[in-house]
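Numbering (this note's numbering), first residue to last: 231 to 455. Where is the CB? At the ideal position from N, CA and C, for every residue including glycine.
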Ligand code: URA
Ligand code: SF4
């Protein structure tokens, strides 16, 4: 939190609160050294209210890299990505698409949980562009270390982080985009975030949304072969 000239608190962190993650990147960039270094990152304000950095799960040899938004409450508590409700839906969709989760590399655009408290509950806040930009050096280093054949962006935050520009998910789905810098060999695919599908559970449109999500994952997996 920063202060305006009259001393009032604002919700806008100052640039001093967001120096960017670059300063914390180790010289040797293996997944192990990156993971270790990320736990000390102070590249933006989000580390302050979080319990854990949630770096990633998976191997450097993975052909498919899945990029989510940011850890949620359960991920922040355990330090592992996609272990909460959205993660369970993702697991169902991966299974339906015949993709073994353990063969993928799973990460997030932003590595700390952005949220606010209401009583004892911790309510998710979307990371803003400043968080995405501050955290980007980690994602770039992961892309360079893993060199996946395909990158799947799960939702708008991942798209903004991976491609560096905003894109409407509805129009970008089903297309292959060229990967950025370190991952220029990678094909980039765009799909919805699993929590958007999860919100439809028990409602009209769930089956269709789930099948479409599975179809996007299958298309990405076949491009990785
Ligand atoms: N949502 C995400 O985008 N990432 C996680 O790790 C969990 C939920
Ligand atoms: Fe660093 Fe990213 Fe966490 Fe911000 S969200 S402190 S840039 S790891």
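Item: CA-to-CA distance, residue 454 to residue 246, given in whole angstroms; Value: 41 Å
Item: Buried versus exposed call for residue 337 [16 or more other C-beta atoms within 10 Å across all chains shown]; Value: buried
Item: Distance cut-off 8 Å: residue 384 Cβ against heavy atoms of the ligand URA; Value: yes
Item: Residues near residue 382 by beta carbon distance below 6 Å, same chain, minus five either side; Value: 296, 419, 450
Item: Beta-carbon proximity list for residue 314, same chain, < 8 Å, skipping 5 on both sides; Value: 302, 303, 304, 305
Item: Residue 298 beta carbon less than 9 Å from that of residue 387; Value: yes
Item: Assigned exposure category for residue 239 - 16 Cβ within 10 Å defines buried; Value: For residue 239, the predicted model reports a pLDDT of 44, less than 50, meaning its position is unreliable; a value from the coordinates is still stated below. So residue 239 ends up on the exposed side.
Item: Residue 284 Cβ short of 8 Å to the ligand URA heavy atom set; Value: yes
Item: Shell residues, 5 Å Cβ cut-off relative to heavy atoms of the ligand URA; Value: 298, 299, 301, 302, 305, 311, 312, 316, 338
Item: Bridge partners - residue 420, DSSP secondary structure assignment; Value: 383
Item: CA-to-CA distance, residue 256 to residue 425, given in whole angstroms; Value: 33 Å
Item: Cβ-Cβ distance between residue 345 and residue 279 below 9 Å; Value: yes
Item: Limits of the beta strand (DSSP E) - the one that residue 337 falls within; Value: 335–338
Item: Of the listed residues 340, 355, 341, nearest to residue 347 (C-alpha basis); Value: 355
Item: Of the listed residues 364, 283, 273, nearest to residue 266 (C-alpha basis); Value: 283
Item: The region 318–333 touching the region 428–448, judged by at least three CB pairs closer than 8 Å; Value: yes
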